[in-house]
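Down below is the structure, laid out as structure tokens.
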Amino acid sequence: MRLKPRQVEAFRSVMMTGGITAAADAMNVTQPAVSRLIRDLEEIVQITLFERVGARLVPTAEATQLFREVERLYLGLDQIAQAADDIRRHKNIVLRIASVTSLVRPYLHQAIIDVVGTRLDIPLVIDVENSRHIWDMVDKNRYDLGFVFSSPRMADKNAVLLHGSSAVAAMAPDHRLASRKIITPADLMDERVLIPGRNSPLRLALDRAFSREDHQPASTMETSMLNCCHFAASGIGIGIVDRTSLHSAGAKVVAIPFEPRIDVSYFAIRPSGGQRIPVLDDIVKRVRELMERPFNNPVDPMFNPPT
Numbered sequence: 011m012r013l014k015p016r017q018v019e020a021f022r023s024v025m026m027t028g029g030i031t032a033a034a035d036a037m038n039v040t041q042p043a044v045s046r047l048i049r050d051l052e053e054i055v056q057i058t059l060f061e062r063v064g065a066r067l068v069p070t071a072e073a074t075q076l077f078r079e080v081e082r083l084y085l086g087l088d089q090i091a092q093a094a095d096d097i098r099r100h101k102n103i104v105l106r107i108a109s110v111t112s113l114v115r116p117y118l119h120q121a122i123i124d125v126v127g128t129r130l131d132i133p134l135v136i137d138v139e140n141s142r143h144i145w146d147m148v149d150k151n152r153y154d155l156g157f158v159f160s161s162p163r164m165a166d167k168n169a170v171l172l173h174g175s176s177a178v179a180a181m182a183p184d185h186r187l188a189s190r191k192i193i194t195p196a197d198l199m200d201e202r203v204l205i206p207g208r209n210s211p212l213r214l215a216l217d218r219a220f221s222r223e224d225h226q227p228a229s230t231m232e233t234s235m236l237n238c239c240h241f242a243a244s245g246i247g248i249g250i251v252d253r254t255s256l257h258s259a260g261a262k263v264v265a266i267p268f269e270p271r272i273d274v275s276y277f278a279i280r281p282s283g284g285q286r287i288p289v290l291d292d293i294v295k296r297v298r299e300l301m302e303r304p305f306n307n308p309v310d311p312m313f314n315p316p317t
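Sequence positions in the sequence shown follow my numbering and run 11 to 317.
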């Protein structure tokens, strides 16, 4: 049994309009053409679909049952057409974004408010993950957009540089080292050093810097960049963080340049070969604008350049 789409279309038109004449007008064909399509369909399915009662064409019970199945087919086709239109317009497609913690507030948070706002046609999923996980998931097309921090050499052609930052030693304002111009690994041998997790590029550079010393710090605490900032402000240790994380944390600390210099860059990354989605481009642009703004720290004069 091999049905032709035109036969099914003729059957559906007759069922919906109630007659051959109206169906022919809807299909923009002649009445004999519709009649022939219906006869061919009846012959193929071996079912009587319509009976004539006077001048009227009355569908049989079998035709009514078949029409339900045809409507399911057309409903599915309509849904496919709507989905294709949504894809073309990027409408009602869930956009998945992931970010490292340091960029969620205030940057990504504010960018989403500014760009997406009250628009109801942009469903979003926003995850907070570490940079390595985000790189992997973007490579697998699991995220449409990722915000990560990395060393500059790890950037690729699908990465957009947002902002560059360097490592600082963050400490409470009354710490004994708070008046230093720079902090080196040798200065931290008698301190508790607050360090980012092992998957962080900053951590890898720190490990190399400390490995050159004869002695390791008296104590370490491994935690997130934001936690390093807050613990440093409490006075329980010195956090080695970057200035962007320090801004995100809003911690009241003194931040002193760390040497050897460690550069940390933040990137927006997209899947390879992915189609450009304007709203995501706008979010990236807004995050970059926010990160380029100068920011102030109520304690550290280094964050308050003279005007």
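Just so you know, even glycine gets a beta-carbon here, dropped at the ideal spot from N, CA and C.
Unbroken beta strand (DSSP E) run spanning residue i, endpoints
| i | result |
| --- | --- |
| PHE3 | This structure does not reach residue 3, given that the chain is present from 11 up to 317, and the question cannot be answered. |
| PRO267 | 264-267 |
Beta-bridge partners of residue i, as assigned by DSSP
| i | result |
| --- | --- |
| ARG106 | VAL135 |
| ASP273 | SER176 |
| ARG66 | VAL63 |
| PHE77 | According to DSSP, which records beta bridges pairwise, PHE77 is partnered with nothing at all. |
| VAL158 | PHE277 |
| ASP252 | ALA177 |
Exposure label - residue i; buried when at least 16 CB within 10 Å
| i | result |
| --- | --- |
| SER141 | buried |
| GLY245 | exposed |
| HIS225 | exposed |
| TYR276 | buried |
| ASP154 | buried |
| VAL217 | As written in the sequence, residue 217 is Asp, which differs from the Val given in the question. ASP217 comes out exposed. |
| PRO133 | exposed |
| TYR117 | buried |
| GLY283 | exposed |
| ASP131 | exposed |
| SER229 | exposed |
| SER234 | buried |
| MET26 | exposed |
| ASN209 | exposed |
Option in the options with minimal Cα separation from residue i
| i | options | result |
| --- | --- | --- |
| GLN187 | LEU172, PRO211, ASN209, PRO267 | Inspection of the sequence shows that residue 187 is occupied by Leu rather than by Gln. Comparing Cα positions, the closest option is PRO267. |
| SER160 | GLY28, SER255, ASN38 | SER255 |
| VAL264 | SER258, ARG296, ARG213, ALA182 | ALA182 |
| ARG152 | ARG82, ARG280, LEU113 | ARG280 |
| ASP137 | ASP50, ARG78, VAL148 | VAL148 |
| GLU19 | ARG12, ILE248, LEU105, ALA33 | ALA33 |
| VAL170 | LYS262, PRO195, ASP292, THR128 | ASP292 |
| SER112 | ARG190, VAL125, GLY156, PRO270 | GLY156 |
| MET37 | CYS238, PHE220, ARG22, ALA91 | ARG22 |
| PRO227 | GLY207, ASP50, ALA196 | ALA196 |
| LYS295 | VAL158, HIS185, VAL125 | VAL125 |
Closer than 8 Å to chain D by CB, residue i
| i | result |
| --- | --- |
| GLY127 | This model lacks chain D altogether; it includes just one protein chain. |
Contact test: residue i Cβ vs the ligand ADP heavy atom, cutoff 7 Å
| i | result |
| --- | --- |
| PHE21 | No copy of the ligand ADP appears in this structure; indeed no ligand is present at all. |
Unbroken alpha helix (DSSP H) run spanning residue i, endpoints
| i | result |
| --- | --- |
| ARG46 | 41-55 |
| SER295 | The sequence given here places Lys at residue 295; Ser does not occur at that position. Run containing LYS295: 288-302, per the alpha helix (DSSP H) assignment. |
Next on the checklist: For a minimum of 3 consecutive residues, which ranges assigned as the beta strand (DSSP E) are wholly contained in the region 169-249?
Outcome noted: Within the region 169-249, the complete beta strand (DSSP E) segments at least 3 residues long are 169-181, 202-205, 229-232, listed from N- to C-terminus.
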